[in-house]
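Under the numbering used here, think of the first position of the sequence shown as 43, with each following residue one higher.
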Amino acid sequence: MIEISENFKRISENIKKACLDFNRKDEVRFMAVTKGVPYERINCALELGIDLIGENRAQEFVQKHPFYAKKCEIHFIGGLQNNKVRYIIDKVSVIQSADSVKLLTEINKRAAAHSLTMDILIEINIGCEWSKNGIEADLLPGLLAEAETLKNVRTRGLMAIPPIDAEEKIYANMRRLYEDAKASVKQPDVFDTLSMGMSGDYITAIKHGANIIRIGSALFGSR
Ligand SMILES: *Cc1c(COP(=O)(O)O)cnc(C)c1O
């Protein structure tokens with residue numbers, strides 16, 4: 043587990059340095075992404091002070107969740123089928139992978155059944171890749187408007203997975219999309235999250251305004 047500790051230290055220093063380099067005065071949160079990682083190793087990360095984790099797979103998450111040794115904030119970040127929403131609705135505080143009216147409607151329904159309001163991010167397929175989840179950028183205004191009609195859903199921002207080796211302008215586009223969306227929503231004060239950047243590109247993401255970066259393999263080792 044020494045390896046996780048060293049990775050954590052190195053990444054934390056890189057984040058701090060990037061924040062200085064790119065004049066970031068706001069907070070950039072470090073999310074540990076847990077897919078395929080045994081709970082013992084997740085607990086090691088929590089012990090180091092990580093307070094935000096990202097889950098990709100509903101079933102794997104529900105099985106591991108009882109063994110998490112510390113309270114932490116948990117976001118769902120993976121592709122989410124409608125029929126899995128009910129398993130996670132009371133166990134996560136943000137669903138970052140909202141990408142359709144159907145999914146938003148299901149989240150709203152399940153949240154209402156638990157008397158809670160679910161925070162969501164809308165996932166953008168910023169590289170327009172066939173293989174990726176998320177909506178194309180031009181569908182964002184429509185989905186934001188739909189989300190605003192749902193009482194038990196609160197839109198907190200955007201999430202994206204830029205293509206591997208994406209040009210920097212993709213990140214800049216994503217930031218512009220986020221700023222424009224923030225300026226257009228009814229509650230701009232709670233539209234405050236841009237989740238972007240993973241093990242290979244978090245520095246670039248920080249440069250372009252990401253305030254949650256999602257780190258898997260650089261922290262826990264390759265899958
Ligand atoms: C796996 C995953 C990550 C982390 O990827 P790494 O490259 O291992 O850091 C981040 N976000 C999402 C949505 C993922 O599925």
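Using N, Cα and C, we set each Cβ at its ideal position, and we do this for glycine too.
Checklist entry - Taking C-beta to C-beta, are residue 95 and residue 111 nearer than 7 Å? => result Going by C-beta atoms, residue 95 is not nearer than 7 Å to residue 111.
Next on the checklist: Quick test of the definition: if touching needs 3 or more C-beta pairs under 8 Å, does the region 196 to 208 touch the region 222 to 241?
Outcome noted: Enough Cβ pairs lie closer than 8 Å, so yes.
Checklist entry - Taking the alpha-carbon positions, what's the residue 97 to residue 84 distance? => result Between residue 97 and residue 84, the C-alpha separation is close to 11 Å.
Item to check | Among 126, 243, 174 and 251, nearest to residue 66 - alpha-carbon criterion | outcome: Residue 66 has its Cα closest to that of 251, out of 126, 243, 174 and 251.
Checklist entry - From what residue to what residue does the alpha helix (DSSP H) around residue 259 run? => result Per DSSP, residue 259 belongs to the alpha helix (DSSP H) from 259 to 262.
Next on the checklist: Give me, in chain order, the residues of the same chain whose beta-carbon lies closer than 7 Å to that of residue 144; leave out the 5 immediate sequence neighbours on both sides.
Outcome noted: Cβ neighbours of residue 144 beyond the five flanking positions: 124.
Checklist entry - Secondary structure at residue 147, three-state DSSP: helix, strand or coil? => result Helix.
Checklist entry - What whole-angstrom Cβ distance do residue 164 and residue 185 have, given they're in contact under 8 Å? => result Indeed they touch by this definition, with Cβ atoms about 6 Å apart.
Checklist entry - Under 6 Å from any heavy atom of ligand 1, does the C-beta of residue 157 make it? => result False, no ligand heavy atom lies under 6 Å from that Cβ.
Checklist entry - For residue 93 versus residue 114, is the C-beta spacing smaller than 7 Å? => result It is a contact, given that the beta carbons lie within the stated cut-off.
Item to check | For residue 237, the residue or residues it bridges with in DSSP | outcome: For residue 237, which the question treats as bridged, DSSP gives the partners 201 and 254.
Checklist entry - Exposed or buried, which one is residue 50 when buried takes at least 16 other CB atoms within 10 Å? => result By the C-beta density criterion, residue 50 is buried, having at least 16 other C-beta atoms within 10 angstroms.
Checklist entry - Tell me, which residues are paired with residue 219 by DSSP? => result In DSSP, residue 219 forms no bridge with anything.
Next on the checklist: ligand 3 and residue 99: does any heavy atom of the ligand fall closer than 6 Å to the residue's C-beta?
Outcome noted: No copy of ligand 3 occurs in the structure displayed; its ligands are ligand 1 alone.
Checklist entry - From this set, 244, 159, 103 and 177, which residue's C-alpha is nearest residue 139's C-alpha? => result Ranking 244, 159, 103 and 177 by Cα distance to residue 139 puts 177 first.
Next on the checklist: Only counting the same chain, and skipping five residues up and downstream in sequence, which positions put a Cβ closer than 8 Å to that of residue 45?
Outcome noted: For residue 45, the CB contacts under 8 Å within the same chain, skipping 5 residues up- and downstream, are 263 in chain order.
Next on the checklist: Nearer than 6 Å: is that true of the beta carbon of residue 263 relative to any heavy atom of ligand 1?
Outcome noted: For ligand 1, not one heavy atom lies less than 6 Å from the Cβ of residue 263.
Checklist entry - Where does residue 88 fall in DSSP's three states? => result Note: residue 88 maps to helix in three-state DSSP.
Checklist entry - Hey, which unbroken runs of the alpha helix (DSSP H) at 4 residues or more fall wholly within the region 49 to 100? => result Here the runs fully enclosed are 81 to 89.
Checklist entry - To the nearest angstrom, how far is it from the Cα of residue 218 to the Cα of residue 229? => result Roughly 18 Å separates the two Cα atoms.
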